[in-house]
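Quick note on numbering: the sequence shown equals residues 70 to 406 in my numbering. Backbone N, C-alpha and C fix where the C-beta goes; we use that ideal spot for every residue, glycine too. Predicted model, so just to flag it, every value in this text is computed and none were measured. Here is the structure we will look at, set down as structure tokens.
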Amino acid sequence: MALKFGLALQNDFPSEVSPASRMGELREQVRAASASGISSVWVLNHYLGNMQTFQPVPILAALAEHAGDMQLGTNMFILPLHHPVDVAEQFASLDQISNGHAVAGFGMGYRSNEYDSFGIPMDDRVARYEEGVELIRRLWSGEEVDFEGQHFTVKGESIGIPPVRAGGPPIWVGAGVHKAGARRAAKLGDAWIVPPHAEPEKLRTILAFYQEERERLGRGRAQEVVVRRELVLDPDAEKAREVGLTARGANTAAYSAFEAPDKTDSYRHLKGKDGLEDVADKSYLFTDPATAVTALKELEEIGITKVILRMQWYTLETDRMLATLEQFKNEVLPHFQ
């Protein structure tokens with residue numbers, strides 16, 4: 070099976086960017102991605118941050134008519150902040166709007182200000198996440214549900230609107246590149262979306278552990294093995310690197326106002342310019358198309374089946390993002406068809 074590609078859209082952006090203009094740009098990017106052979110588009114979820122953020126379900130619903138047959142996914146939706154009944158209904162609605170193309174990417178979140186403002190202790194997030202996934206799957210079955218957990222209770226209720234697909238949208242788990250994250254993804258998810266900073270050798274090791282966990286749990290090997298990557302293409306590799314480091318660095322600087330998703334060395338790109346350059350040179354694809362093909366072939370050899378590419382950060386202009394997408398379409402994608 071050929072390696073597939075997704076596009077992570079920049080649905081969070083600085084205050085000086087007009088939301089109306091960004092909405093038009095996102096529509097343009099989705100249409101271009103659909104015409105380029107990209108198979109999915111993805112948006113993130115944050116609240117009360119230092120950038121304007123279109124929330125994921127309404128923005129995906131608004132983009133559905135431009136997406137053709139592409140999947141529409143969240144990378145990631147912060148599940149523990151929400152009641153699973155609401156999440157089940159929202160994603161079932163999105164699945165109907167998109168004719169069965171929704172993918173529910175669920176993460177736990179990491180920003181204390183979000184949890185504090187929702188009145189939810191961060192210590193409860195794992196239990197709420199696990200209960201939430203179980204209850205959502207049961208609601209998506211279409212059957213009458215009796216559920217009593219530590220945090221959520223539903224008695225004799227069924228979902229108001231069914232998803233298109235039997236059993237509902239696939240659930241893809243977002244988790245850090247460590248054994249706890251791999252175990253959570255193996256236990257709960259149809260796939261694991263691995264963060265973009267994971268180096269190829271670390272990927273090889275942790276994905277082997279993940280697949281072993283799935284088999285140990287009797288779930289079989291995952292059919293979708295997904296990793297994110299940051300991408301800027303230019304015939305001049307050094308120019309691509311400069312553009313990528315500048316744009317991604319500005320995004321990282323904004324994000325550094327909040328806690329890192331974990332405290333391990335995995336997030337050393339939040340620790341200054343040297344850390345970002347180290348991660349970029351080992352894991353990101355700020356380069357020329359031929360070098361990108363080689364790096365993506367390595368991911369394919371490891372067993373990756375889908376790479377979600379982000380091509381825009383902070384104030385990087387849509388024209389520059391579209392230039393990367395055009396080179397990807399013409400000079401990279403043909404090597405994976």
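Taking just the CA atoms, how far does VAL246 sit from SER335? Confidence at SER335 is low in this model, with a pLDDT of 49, below 50, so the placement of that residue should be treated as unreliable; the coordinate-derived value is given next. If I take the Cα positions, the gap works out to 7 Å.
Please classify PRO83: is it buried, with 16 or more other beta-carbons within 10 angstroms of its beta-carbon, or exposed? exposed
Do PHE464 and VAL242 have their C-beta atoms within less than 8 Å of each other? Outside the modelled stretch of the chain, which goes from 70 to 406, sits residue 464, for which no answer is possible.
Counting only the same chain and skipping the five closest in sequence on each side, list residues whose C-beta sits under 7 Å from that of ALA171. LEU141, PHE160, LEU163, ASP164, PRO238
So, at 8 Å on beta carbons, what are the nonlocal neighbours of GLY137 in its own chain, with the 5 sequence-adjacent residues on each side left out? SER103
Specify the secondary structure class of ILE205 as computed by DSSP and reduced to three states. helix
Cβ neighbours of ARG91 in the same chain (closer than 7 Å, five flanking residues each side left out): PHE82
Would a C-beta distance cut-off of 8 Å place LEU272 and VAL295 closer than the cut-off? no
Given a threshold of 16 other Cβ atoms within 10 Å of its Cβ, counted over all protein chains shown, does ILE262 qualify as buried or as exposed? buried
Return the first residue and the last residue of the alpha helix (DSSP H) that GLY93 is part of. 88-105
Assumed close pair PRO190, TRP209 - CB separation to whole angstroms, cut-off 8 Å: With a Cβ gap of about 27 Å, PRO190 and TRP209 do not count as contacting.
With H, G and I counted as helix, E and B as strand and the rest as coil, what does DSSP make of VAL312? helix
For ASP388, report the span of its alpha helix (DSSP H) as first-last. 387-396
Grab the span of the beta strand (DSSP E) containing ARG31 for me, first residue to last. Because residue 31 is not part of the residues shown, which for the chain are 70 to 406, the question remains open.
If you draw a straight line from the alpha carbon of LEU72 to that of THR374, how long is it in whole angstroms? 5 Å
Given ALA309, which residues of its chain have a CB within under 7 Å of its CB, disregarding the five upstream and five downstream residues? VAL301, LEU302, ASP303, PHE355, THR356, ASP357
Along the alpha helix (DSSP H) that carries GLU370, what are the first and last residues, could you check? 358-371
I need the straight-line Cα distance from LEU402 to ALA89, nearest angstrom please. 31 Å
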